[in-house]
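Quick note: the sequence shown uses the working numbering, first residue 86, plus one each step.
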Amino acid sequence: MTKTVLITGATSGIGKATAQLLAKNNYTIIICGRRKNRLEELEKELSQYTSVYSLEFDVSDKNAVFANIDSLPETFSNIDVLINNAGNAHGLDPIQDGNLDDWENMIDINLKGLLYVSKAIIPKMIAQKSGHIINIGSTAAKQVYPNGNVYCATKHAVDAINKGMKMDLNPYGIRVGAIHPGLVETEFSEVRFKGDTEKAANVYKGFTPLKAEDIADIIHFVISRPYHVNISDMVVMCTAQGSATLVQRE
Ligand code: NDP
Ligand code: 8X3
């Protein structure tokens, strides 16, 4: 029987690459995001390979999260794997210059959004007595870097939630694990720098960063292990990256 996977943040970057890889590997896919046109395009592309359903909602809008998950048709409603991936950094400023809207966005999306989606899906997994939750953290979940303050705080919180979820869901046989990527070239930096594509491109200059497909590969590996294997915490950097702040550039 094919497994059903719900991926938040599937319209770009890591989430999109994961949806593409899993679709080709015969998983049934639910893709989520706010950008309707991208969801429509991706649904069309993935439908060549598998059954796909799109949900258009903002993870930080709790009513929308519960309404959308509740609206899933029966054939998609038994979710085997949840990939909590939606999120972004907004800004890269010293704490004293931080923008309140940026802070609220990061807390509402990266942290509260992940909790809302999890809360909507966990009861289904408990009822099924099986399930797998992958939380996408970051090296920013493990290390704080200058000007990363609130983004790092939200990702440290994801690390803590991942550990707590794993303990609380342990009696129900539900697998829980986090993957913490380092620098991955996606739309992440464009969002962080509010559409400044030149500044975003500079982040990845002079070295070979991770690609979204590298993380998709790892997610595929993690979810395809035998059910008694739970990869609970994984940090992945490109070879040129030695720590959150140390990168060998040409
Ligand atoms: P992208 O900007 O390419 O993708 C972000 C995805 O999140 C998009 O699909 C976007 O969809 C979705 N998203 C953002 N805000 C919301 C929201 N409010 N509601 C619903 N969906 C939302 O970045 P990445 O692929 O790089 O990021 C994916 C995850 O990986 C994030 O959690 C990020 O923190 C993490 N990460 C990224 C790293 C990197 O270097 N790129 C490294 C470590 C972790 P839409 O706009 O359509 O809603
Ligand atoms: C994304 C990687 O280094 O910009 O989480 O925090 S970094």
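Built from N, CA and C at the ideal position, the CB exists for glycine as well.
Closest residue to Asn-170 among Ser-203, Glu-335 and Ile-180 (Cα-Cα distance): Along the sequence shown, one-based indexing puts residue 170 at 85. With distances taken between Cα atoms, Asn-170 lies closest to Ser-203.
If I measure Cβ to Cβ from Leu-199 and keep anything under 6 angstroms in the same chain, skipping five residues before and after, which residues do I get? Taking the sequence shown and counting its residues from 1, the one referred to as residue 199 is at position 114. Counting only Cβ-Cβ distances below 6 angstroms, and skipping sequence neighbours, we find Asn-169.
Taking Cβ to Cβ, would you say Ile-325 is nearer than 7 angstroms to Phe-292? Here residue 325 corresponds to residue number 240 of the sequence shown, with the count starting at 1. Here residue 292 corresponds to residue number 207 of the sequence shown, with the count starting at 1. One detail in the question is off: residue 325 reads as Ala in this sequence, not Ile. Yes, Cβ-Cβ distance for Ala-325 and Phe-292 is below 7 angstroms.
Heavy atom of the ligand 8X3 within 6 angstroms of Ala-226 beta-carbon: In the sequence shown, the residue the question calls residue 226 occupies position 141. No, since every heavy atom of the ligand 8X3 falls outside the 6 angstroms radius drawn around the Cβ of Ala-226.
For Ile-164 and Met-210, the rounded distance between their alpha carbons: By one-based count along the sequence shown, residue 210 stands at place 125. By one-based count along the sequence shown, residue 164 stands at place 79. Whole-angstrom Cα-Cα distance: 7 angstroms.
Between which two residues does the beta strand (DSSP E) containing Pro-266 stretch? Taking the first residue of the sequence shown as position 1, residue 266 is located at position 181. Element bounds for Pro-266: 259-266.
Measuring straight from C-alpha to C-alpha, what distance separates Arg-123 and Ile-115? Mapped onto the sequence shown, residue 123 falls at position 38. Mapped onto the sequence shown, residue 115 falls at position 30. About 14 angstroms.
Okay, do the region 299-319 and the region 242-261 touch, 3+ Cβ pairs below 8 angstroms being the bar? yes
If we ignore side chains and look at the alpha-carbon of each, how far apart do Met-252 and Asp-155 end up? For the purposes of this step, residue 252 is taken as the residue at position 167 of the sequence shown. For the purposes of this step, residue 155 is taken as the residue at position 70 of the sequence shown. One C-alpha to the other measures close to 26 angstroms.
Tell me which same chain residues have a C-beta within less than 6 angstroms of the C-beta of Ala-242, skipping the five on either side of it? Position 157 of the sequence shown, counted from the start, is the residue given in the question as residue 242. Leu-196, listed in sequence order.
With a threshold of 6 angstroms, establish whether the CB of Ser-223 neighbours any heavy atom of the ligand 8X3. Stepping through the sequence shown from its first residue, residue 223 is reached at position 138. At least one heavy atom of the ligand 8X3 is nearer than 6 angstroms to the Cβ of Ser-223, so yes.
Quick check on Tyr-203: does DSSP put it in helix, strand or coil? Here residue 203 corresponds to residue number 118 of the sequence shown, with the count starting at 1. According to the sequence provided, residue 203 is Ser. The question's Tyr does not apply to it. Helix, per DSSP.
Same chain, Cβ closer than 8 angstroms to Leu-352, five either side skipped, listed in chain order: Nothing about residue 352 can be read from this structure; the chain reaches only from 86 to 335.
CB of Glu-272 to nearest heavy atom of the ligand NDP: below 6 angstroms? Start at 1 with the first residue of the sequence shown, and residue 272 comes out as number 187. Glu-272: yes, Cβ under 6 angstroms from the ligand NDP.
Do you know how far the Cα of Thr-160 is from the Cα of Asp-193? The residue given as residue 193 occupies position 108 in the sequence shown. The residue given as residue 160 occupies position 75 in the sequence shown. About 30 angstroms.
How should Leu-91 be labelled, buried or exposed, when 16 other C-beta atoms within 10 angstroms of its C-beta is the threshold for buried? Translated into positions along the sequence shown, residue 91 becomes position 6. Counting Cβ neighbours within 10 Å, Leu-91 comes out buried, since at least 16 surround it.
So, is Lys-101 buried or exposed, given that buried needs 16 or more other C-beta atoms within 10 angstroms? In the sequence shown, residue 101 corresponds to position 16, counting from 1. With 16 or more Cβ atoms within 10 Å of its Cβ, Lys-101 is classed as buried.
Measuring only the C-alpha atoms, how far is Leu-167 from Asn-184? As a working mapping, residue 167 is identified with position 82 in the sequence shown. As a working mapping, residue 184 is identified with position 99 in the sequence shown. Going from the Cα of Leu-167 to the Cα of Asn-184 covers about 31 angstroms.
Let me check you understand the geometry: is the CB of Val-90 closer than 6 angstroms to at least one non-hydrogen atom of the ligand NDP? In the sequence shown, counting from the first residue as 1, residue 90 sits at position 5. No; taking the cut-off as 6 angstroms, the Cβ of Val-90 has no heavy atom of the ligand NDP nearer than that.
Inter-residue Cα distance where the pair is Leu-157 and Gly-327: Sequence index remark: in the sequence shown, residue 157 carries index 72 (1-based). Sequence index remark: in the sequence shown, residue 327 carries index 242 (1-based). Roughly 43 angstroms separates the two Cα atoms.
Going by Cα to Cα distance, which pick from Asn-315, Val-229 and Asp-318 is closest to Thr-330? Here residue 330 refers to the residue found at position 245 of the sequence shown. For Thr-330, the nearest C-alpha among the options comes from Val-229.
Residues in the same chain with beta-carbon distance under 6 angstroms from Asn-341, minus the five sequence neighbours each way, listed in chain order, please. This structure cannot settle anything about residue 341, because the visible part of the chain is limited to 86 through 335.
7 angstroms Cβ cutoff met for Gly-222 and His-265: Counted from its first residue, the sequence shown places residue 222 at position 137. Counted from its first residue, the sequence shown places residue 265 at position 180. Against a cut-off of 7 angstroms, the Cβ pair of His-265 and Gly-222 comes out as a contact.
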